[in-house]
Amino acid sequence: IYTLGASVSIMRLVNKLSMQLNIPIIMHFMDNWVEHIQWEDNPLLSLYKSSLKKEMMGCLKRCKLVITISSSMAEAYKEKFQKDTLVLMNTVDLSRFSGVTSKNTEVTHFVYAGGLHLDRWKALREIALSIKQTNGKGVLDIFTSKDNMELYRPRFETLPVAFYEAVPHEQIDEVYQKADVLVHTEIESEKLKGFFKYSISTKIPEYLATGKPILFYGPRDMKLFEYLLQNQAALMASTKEELYVCVERLTSEENFTKMCENARCLAERNHCASKNQKALHNAIESVVLN
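The opening position of the sequence shown corresponds to residue 38 in the working numbering, with each subsequent residue numbered one higher.
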């Protein structure tokens, strides 16, 4: 039985079926819910958290393989659970994003596509402030939901920011095609950083696959920060000062060909949908046969 867990009712069902039918379990951890849920500071959820842990431990007893979202999670969970692990990162159809080109304009378009919740609007506002200091060399294009546009647009008044309605995911490559720089950001939050500790956003494989410059602005102690930095696949900033330097570079005539090549190679190595699909199939087959 393959499961993402993260739900008391789902894991209870998985445990029941596994025991009744003598079926092994494969657990796939996509984020750090094992130790830290999104609502960690809510005292009303203490009973839920204890139930979550109880059912998870039940699943792990019958679990033959743990699949993780990143290599750092694999290292931590292999030691924690004493189980065989497989790293299976978020994937992307590489052919969908090949040959994506930028618009030929004098203004550098920084593009962010996604929600502004989880206080991401605050980090995006700091990016917009840095772009403003370039005196017209750049603009931040934000593609988000209508609700988010209405709620957060007033926060960006007087800044070089343009809002656009979010497009269906099957059309997201058209949004990326209009970008000169792709933006991802996370905020410094004690409440949330435990939950995202080992995660790699679903946007990242798509960004890497485009072969375009990537700007990441977020906490240095995130594993995503470490992942992109080690592979030299993006410009990284964890402070306002570093952010301004990155924006200045991205609006200059500097050549980022090598960084973009690194990004595309990283997507091919770790995020290729066909390769990861085969790896998952082989892992399931191995569990069943053994």
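No residue lacks a Cβ here, since even glycine has one placed at the ideal position from N, Cα and C.
Less than 7 angstroms between the beta carbons of residue i and residue j, yes or no?
i      : j      : result
Pro242 : Asn127 : yes
Gly248 : Arg301 : yes
Glu189 : Leu153 : Checking the displayed sequence, the identity of residue 189 turns out to be Tyr instead of Glu. The answer is yes: Cβ separation under 7 angstroms.
Ser108 : Ile237 : no
Ala165 : Val198 : yes
Ile47  : Asp156 : no
Leu196 : Lys169 : yes
His146 : Ala216 : yes
Cys96  : Val144 : no
So, with DSSP's three-state summary, where would you put residue i?
i      : result
Ala304 : helix
Phe118 : helix
Lys277 : helix
Gly42  : coil
Phe66  : strand
Glu202 : strand
Gly255 : coil
Leu89  : helix
His146 : strand
Leu166 : helix
Val282 : helix
Val325 : helix
Ile104 : strand
Asp178 : strand
In angstroms, rounded to a whole number, what distance separates the CA positions of residue i and residue j?
i      : j      : result
Glu187 : Arg286 : 32 angstroms
Ser289 : Gly173 : 12 angstroms
Val284 : Lys53  : 53 angstroms
Thr294 : Phe262 : 20 angstroms
Asp258 : His318 : 33 angstroms
Ser275 : Tyr149 : 17 angstroms
Cys297 : Tyr244 : 10 angstroms
Ala271 : Leu125 : 21 angstroms
His65  : Lys234 : 16 angstroms
Ala316 : Ile60  : 21 angstroms
Leu252 : Leu84  : 40 angstroms
Ile62  : Ser87  : 21 angstroms
Thr122 : Thr105 : 7 angstroms
Glu202 : Met273 : 27 angstroms
Glu207 : Gln57  : 40 angstroms
If residue i and residue j are in contact, beta carbons under 8 angstroms, what's the gap, nearest whole angstrom?
i      : j      : result
Arg162 : Phe200 : Not really, about 13 angstroms apart at Cβ, beyond 8 angstroms.
Val45  : Glu92  : 6 angstroms
Leu280 : Tyr254 : 5 angstroms
Thr222 : Ala304 : About 20 angstroms separates the two Cβ atoms, so there is no contact after all.
I'd like to confirm something about residue i: is its beta-carbon nearer than 6 angstroms to some heavy atom of the ligand MG, or not?
i      : result
Thr239 : No copy of the ligand MG occurs in the structure displayed, which carries no ligand at all.
Check whether the segment 207-223 and the segment 165-182 touch, using three or more Cβ-Cβ pairs below 8 angstroms as the test. yes
Are the segment 260-276 and the segment 88-105 touching, with three or more C-beta to C-beta distances below 8 angstroms? no
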